[in-house]
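Novice:
There are 2 protein chains.
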Amino acid sequence: MNIVLLSGGSGKRLWPLSNDIRSKQFIKIFKTKNGYESMVQRVYRQIKMVDADATVTIATSKTQVSAIHNQLGEDVGISVEPCRRDTFPAIALAIAYLHDVQGIGLDESVVVCPVDPYVEDDYFEALKALGEQAAKGEANLVLMGIEPTYPSEKYGYIIPATVDQTSMVDTFKEKPNKETAKSYISQGALWNGGVFAYKLKYMLDKAHELIDFTDYSDLFAKYDTLTKISFAYAVVEKEPKIQVMRFAGKWKDLGTWNTLTEAMSEPVLGDAILNEACDNVNVVNELNVPIVCMGLHDVVVSASPEGILVSDKEQSSYIKPYVDKIDQQIMFAEKSWGSFRVLDVEDSSLTIKVMLNPGHRMNYHSHQRRDEIWNVISGEGVVTVDGMEQPVQPGDVITMQAGCRHMVTAVTELKMIEVQLGKEISVDDKQKYELEN
Amino acid sequence: MNIVLLSGGSGKRLWPLSNDIRSKQFIKIFKTKNGYESMVQRVYRQIKMVDADATVTIATSKTQVSAIHNQLGEDVGISVEPCRRDTFPAIALAIAYLHDVQGIGLDESVVVCPVDPYVEDDYFEALKALGEQAAKGEANLVLMGIEPTYPSEKYGYIIPATVDQTSMVDTFKEKPNKETAKSYISQGALWNGGVFAYKLKYMLDKAHELIDFTDYSDLFAKYDTLTKISFAYAVVEKEPKIQVMRFAGKWKDLGTWNTLTEAMSEPVLGDAILNEACDNVNVVNELNVPIVCMGLHDVVVSASPEGILVSDKEQSSYIKPYVDKIDQQIMFAEKSWGSFRVLDVEDSSLTIKVMLNPGHRMNYHSHQRRDEIWNVISGEGVVTVDGMEQPVQPGDVITMQAGCRHMVTAVTELKMIEVQLGKEISVDDKQKYELEN
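One line per chain: the protein sequences are C and R, in this order. Count along the first sequence starting at 1, add 488, and that's the number in this note's numbering. Count along the second sequence starting at 1, add 488, and that's the number in this note's numbering.
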């Protein structure tokens, strides 16, 4: 199975766990035997369980690359959109990547699927069936139609021509109101879960039809000049040969705190105490201090380095405009080499904790407008400052003036307290360099 | 007026703002024209407004001395209990302090009052009247009787002999249940607010009667050998000549989050956003990240470096057993020289932010089992390390090996990131020294 996972934009609907640089699919919230995994880790694991040889490519933006490598390792394919250009260009880029970089043949089928459905293994069996159906060539596109469990206003609907397991599509319907949804369902409509399969050749032809490019690198290079256009508008609405396959298994879209907490196997994640008078309360605490809840009903509490949410569960779907107002610097980020967390913010200083994974290093870089001090607190590493290498261990202090080139490589897991000093401290004040040899 | 303010023990009933070393009376929660003030600051300011010449002595434990000086300055008298020995020894020590240290005459009257009533200026006028009444010598003790506003089960009751403004006391009653409280009130009972006045000589004689000591320093020296005994049991219950003076003004005991939030002039203190669906919600946020509340009713939310409380207001009076279970190191403390806050905790390191007020210095000290690194982030100061002085400014780094004697004096407000490194980091690992000259 060739599968493209669409890893969508950042968003604040699960604030304070998601924010401008940390998307909900990377939040480690699902309990497993070996700790907690994120949506993207769960989906990736499930795919590999159903089909160990599956080629998985994640179509995403530059900002997510570090988090993906950090959570899934280096083996996963990533088709990086240089900028946001809606779903058709993203799918065109991914298909060119599959063909030119991964070497997938023109006759093979590809399944495209969102990265964040909360589903069981049968869903991935259904994806496989979708790919096999697309390979038959009866239709140019094969969609998944999810059997509705209630008249939702959140999803588009697909009305199939017949009641068979696989059927041609009669019509597509936009997100309806509740009454209309009921009437769709009485006509046998299915939810459109945003999953579709096609032969690689079909989509590559579509891409060349609508975009003037030679190959993947050419498309990548001119990506920012492309017109924004959705896959639905560019392809689906104009395609007469579309099939739909029914799926009746468990399927949940964990887009809000209300739906997310329903998927938690235990009410509390992190350090929290709930008294007996609490009812239907979920806590997700990423801080290292306790949360105490007393006498709450139908409430979700979440704390992260970014902030604290306390919300009635129903009301939690309305947080976006409130958290959009918050203008705060990023307090925690996963990087390809590890992670950092802001500990203290002052007018002319910023103190962060830097954690590097064993064997990893940050970019060789300098800053124009700030000095930096590294205090090594645990682990072993090698620091490079203006071309000079030096091993470091706990207790070592490295001071770096503005302009000085520096980086550190972790030998074992390495932790440092980094004190930044300067008048206008900004993440944009960073020049990267190739390493001198 | 000579006034002794009893600054009672630490407690966790206002956790996470109060804890083992930070008592509720030091929480800055009351809005004034110039920012926020604490209970002790509010009471001290109110006393000085009613009587600018009042001698104010705070009877308290060692752990509160730094916070008192930090909030009230150096002028306030402090009678320090070397350890906890219940109210009678504490009052005996304070009276010896007033006589031997402050030089208050034997015939002068003294008013003793808790440090944390939430009251208006008329209350302090009433204290003055209480002192004047005691000076007359009609009775040995003069108590304040607060006119009850409801049949409370939280207070003791005083039944006066007559309905006059000043009357002899007929009987004292323990905290009753609601029904009994109603019947007391129908008999004209008053709340016992723990306020009483006496002549210095009376109480000093009582002290000598029950405790074998010569003067203040002798009593201080043998304080830990004294028997625990309450003032009520040792003095009040045995004293036939007790008067009570009525007080009908505003009086509140802010002992729980429920009562404390009633005294807040605005629902939010600190960084917080409440949506319109919130009703009767109070937020006290001491962290520098936002709290977002959605659709909550009758809830108090409080966040500090120690933790986060989210509680139904009624339920908030039951938090003690839950927070008592929390075994966590102190994350924030006020000191006589400023304050510190824990930023990061690891197995073999602790990172704190140290803030020193201008002109202040910490004790000259060393540690046996940890090295320390100071990263100066703002202000100017003078560091002393093993007797050597050195001026410091932002960007300076001072490293101190275990055993090395050190301290810093702030010239301007000084802020440092202190990294502690060692296997068993503990606040008890501290040796203090006199400064060499």
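Beta carbons are placed, not taken as given, at the ideal position from N, Cα and C, and that holds for glycine. Here the structure is a predicted model, which is why all the values come from computation and not from measurement.
Does the stretch 581–590 of chain R touch the stretch 904–919 of chain C, meaning 3 or more C-beta pairs lie closer than 8 angstroms?
Specialist: no
Novice: Please confirm whether TYR585 (chain R) has its beta-carbon closer than 8 angstroms to some beta-carbon of chain A.
Specialist: Checking the listed chains, one finds no chain A in this structure; the protein chains it contains are C and R.
Novice: Quick one: using the 10 Å Cβ neighbour count with 16 as the cut-off for buried, is GLU750 (chain C) buried or exposed?
Specialist: Residue 750 (chain C) sits at position 262 when you count from the first residue of the first sequence. Under this definition GLU750 (chain C) is an exposed residue.
Novice: Which term fits TYR638 (chain R), buried or exposed, when burial requires 16 or more other beta carbons within 10 angstroms of its beta carbon?
Specialist: To locate residue 638 (chain R), count along the second sequence from 1; it is residue 150. When all chains shown are included, TYR638 (chain R) counts as exposed.
Novice: Do GLY561 (chain C) and ILE546 (chain C) have their beta-carbon atoms positioned less than 8 angstroms apart in this structure?
Specialist: Stepping through the first sequence from its first residue, residue 546 (chain C) is reached at position 58. Stepping through the first sequence from its first residue, residue 561 (chain C) is reached at position 73. Their beta carbons are not under 8 angstroms apart, which means ILE546 (chain C) does not touch GLY561 (chain C) by this criterion.
Novice: Hey, PHE708 (chain C) and LEU581 (chain C): beta-carbon distance below 8 angstroms or not?
Specialist: Position 220 of the first sequence holds residue 708 (chain C). Position 93 of the first sequence holds residue 581 (chain C). Yes.
Novice: Is there a C-beta anywhere in chain R that falls below 8 angstroms from the one on VAL907 (chain C)?
Specialist: Within the first sequence, numbered from 1, the residue matching residue 907 (chain C) stands at position 419. Yes, contact with chain R.
Novice: Taking just the CA atoms, how far does ILE818 (chain C) sit from VAL789 (chain C)?
Specialist: By 1-based counting over the first sequence, the position of residue 789 (chain C) is 301. By 1-based counting over the first sequence, the position of residue 818 (chain C) is 330. In a straight line, the C-alpha of VAL789 (chain C) is about 20 angstroms away from that of ILE818 (chain C).
Novice: So if I threshold CB-CB distances at 7 angstroms, which residues from the stretch 742–766 of chain R count as touching chain C?
Specialist: ILE761, ASN763, ALA765
Novice: Using 8 angstroms as the threshold, is the C-beta distance between MET850 (chain C) and VAL896 (chain C) below it?
Specialist: Working through the first sequence from its first residue, we reach residue 850 (chain C) at position 362. Working through the first sequence from its first residue, we reach residue 896 (chain C) at position 408. Yes, the pair counts as a contact, with Cβ atoms nearer than the cut-off.
Novice: Below 7 angstroms CB to CB, which residues in the same chain sit around ASN665 (chain C) once its five sequence neighbours on both sides are set aside?
Specialist: Within the first sequence, numbered from 1, the residue matching residue 665 (chain C) stands at position 177. Cβ within range, chain order: GLU641.
Novice: Rounded to the nearest angstrom, what separates VAL811 (chain R) and GLY591 (chain C) at their Cα positions?
Specialist: For the purposes of this step, residue 811 (chain R) is identified with residue 323 of the second sequence, where counting begins at 1. For the purposes of this step, residue 591 (chain C) is identified with residue 103 of the first sequence, where counting begins at 1. Their Cα atoms are separated by approximately 60 angstroms.
Novice: When you compare the CB positions of ASN776 (chain C) and VAL833 (chain R), do they come within less than 8 angstroms of one another, or not?
Specialist: The count along the first sequence starts at 1 and reaches residue 776 (chain C) at position 288. The count along the second sequence starts at 1 and reaches residue 833 (chain R) at position 345. For the pair ASN776 (chain C) and VAL833 (chain R), the CB atoms are nearer than the 8 angstroms cut-off.
Novice: Tell whether a beta-carbon distance below 8 angstroms holds between ILE796 (chain C) and LYS841 (chain C).
Specialist: Position 308 of the first sequence, counted from the first residue, corresponds to residue 796 (chain C). Position 353 of the first sequence, counted from the first residue, corresponds to residue 841 (chain C). For ILE796 (chain C) and LYS841 (chain C), no; Cβs fall outside 8 angstroms.
Novice: Is any beta-carbon of chain C found at less than 8 angstroms from that of GLU802 (chain R)?
Specialist: Residue 802 (chain R) sits at position 314 when you count from the first residue of the second sequence. At least one chain C Cβ lies under 8 angstroms of GLU802 (chain R).
Novice: Which of the three DSSP states, helix, strand or coil, is assigned to ALA538 (chain C)?
Specialist: Reading the first sequence from its first residue, position 50 is the one you call residue 538 (chain C). The residue asked about is misnamed: residue 538 (chain C) is Val in this sequence, not Ala. Residue state, collapsed to three classes: helix.
Novice: Under the three-state reduction of DSSP, which class applies to GLU706 (chain R): helix, strand or coil?
Specialist: Here residue 706 (chain R) corresponds to residue number 218 of the second sequence, with the count starting at 1. Correcting the residue type first, residue 706 (chain R) is Asp in the shown sequence and not Glu. The answer is helix: DSSP assigns ASP706 (chain R) an H, G or I state.
Novice: Using a Cβ-Cβ cut-off of less than 8 angstroms, list which residues of the stretch 858–882 of chain R approach chain C; keep chain order.
Specialist: ASP859, ILE861, ASN863, ILE865, SER866, PRO882
Novice: With 8 angstroms as the limit, tell me which residues of the stretch 775–787 of chain R have their beta carbon closer than that to any beta carbon of chain C; keep them in chain order.
Specialist: LEU775, ASN776, VAL777, PRO778, ILE779, VAL780, CYS781, MET782, GLY783, LEU784, VAL787
Novice: Within its chain, find whatever has a CB closer than 7 angstroms to the CB of ASP609 (chain R); leave out the 5 residues flanking it on each side and keep chain order.
Specialist: As a first step, residue 609 (chain R) must be located in the second sequence, where it is residue number 121. Sequence-distant partners of ASP609 (chain R) (beyond 5 residues in either direction) whose C-beta falls short of 7 angstroms from its own C-beta, in its chain, are GLN534, MET537, VAL538.
Novice: Looking at the C-beta of MET733 (chain R), does it have a partner C-beta in chain C at a distance below 8 angstroms?
Specialist: In the second sequence, counting from the first residue as 1, residue 733 (chain R) sits at position 245. It does not: the Cβ of MET733 (chain R) has no partner Cβ on chain C nearer than 8 angstroms.
Novice: Kindly give me the distance between the Cβ atoms of MET632 (chain R) and MET733 (chain R), rounded to whole angstroms, as I take these residues to be in contact under 8 angstroms.
Specialist: Along the second sequence, read from residue 1 onward, the residue named residue 632 (chain R) stands at position 144. Along the second sequence, read from residue 1 onward, the residue named residue 733 (chain R) stands at position 245. Contact holds; Cβ gap of about 6 angstroms.
Novice: Please work out which residues of its chain come closer than 6 angstroms, Cβ to Cβ, to VAL864 (chain C), disregarding the five sequence neighbours upstream and downstream, and give them in chain order.
Specialist: Reading the first sequence from its first residue, position 376 is the one you call residue 864 (chain C). Within the same chain, VAL864 (chain C) has close Cβ partners VAL880, PRO882, ASP884, MET904.
Novice: Do ASN845 (chain C) and GLU754 (chain C) have their CB atoms nearer than 8 angstroms?
Specialist: For the purposes of this step, residue 845 (chain C) is taken as the residue at position 357 of the first sequence. For the purposes of this step, residue 754 (chain C) is taken as the residue at position 266 of the first sequence. For ASN845 (chain C) and GLU754 (chain C), no; Cβs fall outside 8 angstroms.
Novice: Could you check what DSSP says for GLU877 (chain C) in three-state terms: helix, strand or coil?
Specialist: Position 389 of the first sequence, counted from the start, is the residue given in the question as residue 877 (chain C). Three-state DSSP puts GLU877 (chain C) in a strand.
Novice: Would you mind sorting ASP815 (chain R) into buried or exposed? The rule is 16 or more other CB atoms within 10 Å of its CB.
Specialist: Residue numbering aside, residue 815 (chain R) sits at position 327 when the second sequence is read from its first letter. ASP815 (chain R) is exposed by the Cβ-count criterion.
Novice: Less than 8 angstroms between the C-beta atoms of ARG573 (chain C) and LEU714 (chain C), yes or no?
Specialist: In the first sequence, counting from the first residue as 1, residue 573 (chain C) sits at position 85. In the first sequence, counting from the first residue as 1, residue 714 (chain C) sits at position 226. Yes; because the gap between Cβ atoms is below 8 angstroms, this pair is in contact.
Novice: I think GLY499 (chain C) touches PRO605 (chain C), with their Cβ atoms under 8 angstroms apart; what is that distance to the nearest whole Å?
Specialist: Here residue 499 (chain C) corresponds to residue number 11 of the first sequence, with the count starting at 1. Here residue 605 (chain C) corresponds to residue number 117 of the first sequence, with the count starting at 1. Not quite, the Cβ-Cβ distance comes to about 16 angstroms (not below 8 angstroms), so this is no contact.
Novice: Residues of chain R with CB closer than 9 angstroms to the CB of TYR806 (chain C), please, in chain order.
Specialist: Working through the first sequence from its first residue, we reach residue 806 (chain C) at position 318. Under the 9 angstroms cutoff, chain R gives ASN763, ALA765, MET782, GLY783.
Novice: VAL759 (chain R): which of R:GLU635, R:GLY676, R:ALA791 sits nearest, CA to CA?
Specialist: Locating residue 759 (chain R) in the second sequence gives position 271, counting from the first residue. A small fix is needed here, since residue 759 (chain R) is Asp in this sequence, not Val. With distances taken between Cα atoms, ASP759 (chain R) lies closest to R:ALA791.
Novice: Answer with yes or no whether the minimum CB distance from LYS903 (chain R) to chain C is below 8 angstroms.
Specialist: Position 415 of the second sequence, counting from 1, holds the residue named residue 903 (chain R). Cβ-Cβ to chain C under 8 angstroms: yes for LYS903 (chain R).
Novice: Could you tell me the distance, in whole angstroms, from the CA atom of TYR672 (chain R) to the CA atom of ASP658 (chain R)?
Specialist: As a first step, residue 672 (chain R) is located in the second sequence; it is residue number 184 there, counting from the start. As a first step, residue 658 (chain R) is located in the second sequence; it is residue number 170 there, counting from the start. Their Cα atoms are separated by approximately 12 angstroms.
Novice: Which residues of chain R have a Cβ atom closer than 9 angstroms to the Cβ of SER799 (chain C), listed in chain order?
Specialist: Within the first sequence, the letter at position 311 stands for residue 799 (chain C). Near SER799 (chain C) (Cβ distances below 9 angstroms), the residues of chain R are ASN763, VAL780, CYS781, MET782, GLY783, LEU784.
Novice: Under the three-state reduction of DSSP, which class applies to ALA677 (chain C): helix, strand or coil?
Specialist: Here residue 677 (chain C) corresponds to residue number 189 of the first sequence, with the count starting at 1. Correct three-state label for ALA677 (chain C): coil.
Novice: In whole angstroms, what separates the C-alpha of GLY743 (chain C) from that of MET752 (chain R)?
Specialist: Reading the first sequence from its first residue, position 255 is the one you call residue 743 (chain C). Reading the second sequence from its first residue, position 264 is the one you call residue 752 (chain R). Going by the C-alpha atoms only, they are around 37 angstroms apart.
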